[in-house]
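For reference, the structure is listed below as structure tokens.
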Amino acid sequence: MRVRSVVLREIRMRLVAPFETSVDRTDERRIILVEADVDGVVGWGECVAGEKPFYSPETTDTAWLAMRDFLWPFLKDAEFEKAADVWELLEPVRGHNMAKAALEAAVWDAEAKLKGMPLWKLLGGVREEIASGVSIGVKESVDELAKAVRKELAAGYQRVKIKIKPGKDFEPVKRLRDEFRDIKLMVDANSAYRMEDWPLLKQLDGFYLMMIEQPLGWDDLYSHAELQKKFETPICLDECIHTEEQARAAIALGACKIINIKMGRVGGLAVARRIHDLCQKNGVPVWCGGMLESGIGRAHNIALSTLPNFTLPGDVTASKRYWNEDVIEPEVTVSTRGTIRVPTGPGIGFAPKRELIEKLTVRTERLA
Numbered sequence: 031m032r033v034r035s036v037v038l039r040e041i042r043m044r045l046v047a048p049f050e051t052s053v054d055r056t057d058e059r060r061i062i063l064v065e066a067d068v069d070g071v072v073g074w075g076e077c078v079a080g081e082k083p084f085y086s087p088e089t090t091d092t093a094w095l096a097m098r099d100f101l102w103p104f105l106k107d108a109e110f111e112k113a114a115d116v117w118e119l120l121e122p123v124r125g126h127n128m129a130k131a132a133l134e135a136a137v138w139d140a141e142a143k144l145k146g147m148p149l150w151k152l153l154g155g156v157r158e159e160i161a162s163g164v165s166i167g168v169k170e171s172v173d174e175l176a177k178a179v180r181k182e183l184a185a186g187y188q189r190v191k192i193k194i195k196p197g198k199d200f201e202p203v204k205r206l207r208d209e210f211r212d213i214k215l216m217v218d219a220n221s222a223y224r225m226e227d228w229p230l231l232k233q234l235d236g237f238y239l240m241m242i243e244q245p246l247g248w249d250d251l252y253s254h255a256e257l258q259k260k261f262e263t264p265i266c267l268d269e270c271i272h273t274e275e276q277a278r279a280a281i282a283l284g285a286c287k288i289i290n291i292k293m294g295r296v297g298g299l300a301v302a303r304r305i306h307d308l309c310q311k312n313g314v315p316v317w318c319g320g321m322l323e324s325g326i327g328r329a330h331n332i333a334l335s336t337l338p339n340f341t342l343p344g345d346v347t348a349s350k351r352y353w354n355e356d357v358i359e360p361e362v363t364v365s366t367r368g369t370i371r372v373p374t375g376p377g378i379g380f381a382p383k384r385e386l387i388e389k390l391t392v393r394t395e396r397l398a
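Residues in the sequence shown are numbered consecutively from 31, following the numbering used here.
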């Protein structure tokens with residue numbers, strides 16, 4: 031296999047409603063789409079880096095630079111057997127996982143199309159339907175939050191995750207548990223707390239949460255291990271896990287009981303699959319987190335979520351939750367049972383809407 035050329039496109043998509051976490055508020059996404067010509071077949075990928083370096087050191091602009099100036103030279107003219115080999119080709123560049131993942135994802139899509147099979151089957155997936163959960167950002171009031179949860183439960187979502195931060199943690203969780211006694215509920219702090227906050231966080235143990243996601247520092251495995259010893263509620267790590275080695279360390283240290291796998295955060299589908307296998311071997315369940323992706327990135331998340339150890343509902347939701355119109359057809363939909371049917375067509379199984387993508391594009395560059 032050989033990548034003949036790559037087209038980078040930055041598109042801008044306004045969210046249906048602003049999304050707020052403990053560190054940022056997003057109204058519009060700047061998304062890089064990657065279109066790769068692999069042996070004459072086009073594959074698509076998406077870079078999930080944010081506009082600002084708050085979730086990750088990477089941003090839309092650093093990812094563009096990394097792909098163009100540093101990653102593409104290693105990929106250009108390289109001969110390889112399969113998409114899973116791309117990670118090793120790009121390994122000389124340290125970090126920049128989201129940039130690497132975007133290029134690699136496009137090659138995975140192309141390889142699946144070349145072989146006439148769905149991407150999820152090429153990855154080794156086993157599910158034809160995946161469970162869908164929903165992520166709800168920080169709200170101004172607990173009444174507004176409860177209203178949002180009612181809406182999502184009515185839409186069929188199997189699990190509710192709410193974002194928390196200091197001052198908006200105990201009361202929102204208490205209100206939701208009082209009103210929705212039996213729902214699968216979890217919270218996500220996006221590293222908003224310090225170890226000395228543990229007595230406050232410990233109060234959440236009483237609300238039988240599925241997990242508390244990434245409460246402490248984004249690269250602090252040790253403190254999470256200490257915190258997990260004090261908690262009944264399982265800790266789930268997200269931002270801390272950038273590599274397979276960090277996942278192995280987290281498991282060995284007892285820093286978590288669950289891991290959120292995001293393809294972009296760990297550098298692509300090949301590494302994501304290895305982390306999945308490691309967690310499965312060690313009895314640690316995983317799920318697929320979201321990064322406000324367009325349909326291209328969402329399609330890759332669907333494929334990843336079909337692997338056998340993705341036993342918990344992920345953040346892969348319907349297109350309409352975030353976009354007035356998505357860039358793929360058909361758009362992603364969620365059934366009344368809170369599930370998404372996995373596409374059966376070759377590659378990612380969704381067709382990019384080229385006319386809409388061109389309309390949303392603010393810059394483009396061809397690498398050849």
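All C-beta atoms, glycine included, are put in the ideal place defined by N, C-alpha and C. As the structure is a computational prediction, the values presented were derived from the model and not from experiment.
Item, Value
"Beta-carbon spacing of residue 167, residue 193 below 8 Å", "yes"
"For residue 110, the residue or residues it bridges with in DSSP", "In the DSSP output, where bridge partners are listed per residue, residue 110 has none listed."
"Member of 113, 250, 199, 379 whose CA lies at the smallest distance from the CA of residue 158", "379"
"Supposed contact pair residue 176 and residue 211 - C-beta distance, whole angstroms, cut 8 Å", "Not quite, the Cβ-Cβ distance comes to about 13 Å (not below 8 Å), so this is no contact."
"Whole-Å CB distance - residue 53 paired with residue 220, under 8 Å assumed", "6 Å"
"Cβ shell of residue 261 (< 8 Å), same chain only, five flanking positions each side left out", "231, 232, 235, 242"
"Cβ separation of residue 110 and residue 31, assumed to be a contact under 8 Å, to the nearest whole Å", "5 Å"
"Exposure of residue 252, with buried meaning 16 or more beta-carbon neighbours within 10 Å", "exposed"
"Nearest-angstrom beta carbon gap, residue 331 and residue 46 [assumed within contact, 8 Å]", "Not really, about 19 Å apart at Cβ, beyond 8 Å."
"Whether residue 186 touches residue 365 by CB criterion (8 Å)", "yes"
"Residue 329 classed as buried or exposed, judged by whether at least 16 other C-beta atoms fall within 10 angstroms", "buried"
"Beta-carbon proximity of residue 326 to residue 382, cut-off 8 Å", "yes"
"Proximal residues to residue 239 (C-beta, below 8 Å), its chain only, five neighbours per side dropped", "203, 215, 216, 217, 263"
"Residue ranges of each beta strand (DSSP E) within the stretch 178-229, 3 or longer", "189-193, 214-218"
"For residue 98 and residue 108, the rounded distance between their alpha carbons", "16 Å"
"Option nearest residue 145 by Cα separation, candidates 315, 281, 112, 277", "112"
"Delimiting residues of the alpha helix (DSSP H) encompassing residue 339", "Residue 339 -> no alpha helix (DSSP H), and no H or E assigned at all."
"Residues of its chain near residue 397, where Cβ-Cβ distance is below 6 Å and the 5 sequence neighbours each way are ignored", "36, 102"
"Any 3 or more C-beta pairs closer than 8 Å across the stretch 268-276 and the stretch 291-307", "yes"
"Residue 339 burial status per 10 Å Cβ neighbour count (16 or more: buried)", "buried"
"C-beta atoms of residue 190 and residue 140 nearer than 8 Å", "no"
"Per DSSP, cross-strand counterpart(s) of residue 324", "DSSP lists no partner for residue 324."
"Residue from 50, 387, 287 whose Cα sits closest to the Cα of residue 222", "50"
"Reduced DSSP secondary structure (H/G/I, E/B, other) of residue 104", "helix"
"Segment contact flag, the stretch 304-320 with the stretch 273-287, C-beta cutoff 8 Å, min 3 pairs", "yes"
"Residue closest to residue 153, alpha-carbon to alpha-carbon, out of 395, 377, 385", "377"
"Paired residues, beta bridge with residue 43 - DSSP", "59"
"7 Å Cβ shell around residue 188 - same chain, five flanking residues per side excluded", "161, 162, 163, 214, 343, 368"
"Residue 149: first and last residue of the uninterrupted alpha helix (DSSP H) it sits in", "149-153"
"Backbone secondary structure at residue 140 - three-state DSSP", "helix"
"C-alpha distance - residue 74 paired with residue 259, whole-angstrom precision", "43 Å"
"Residues of its chain near residue 387, where Cβ-Cβ distance is below 8 Å and the 5 sequence neighbours each way are ignored", "39, 41, 63, 357"
"Residue 65 classed as buried or exposed, judged by whether at least 16 other C-beta atoms fall within 10 angstroms", "buried"
"For residue 270, the three-state DSSP class (helix, strand or coil)", "coil"
"Which of helix, strand or coil DSSP assigns to residue 290", "strand"
"Burial state of residue 199, where buried means 16 or more other Cβ atoms lie within 10 Å", "buried"
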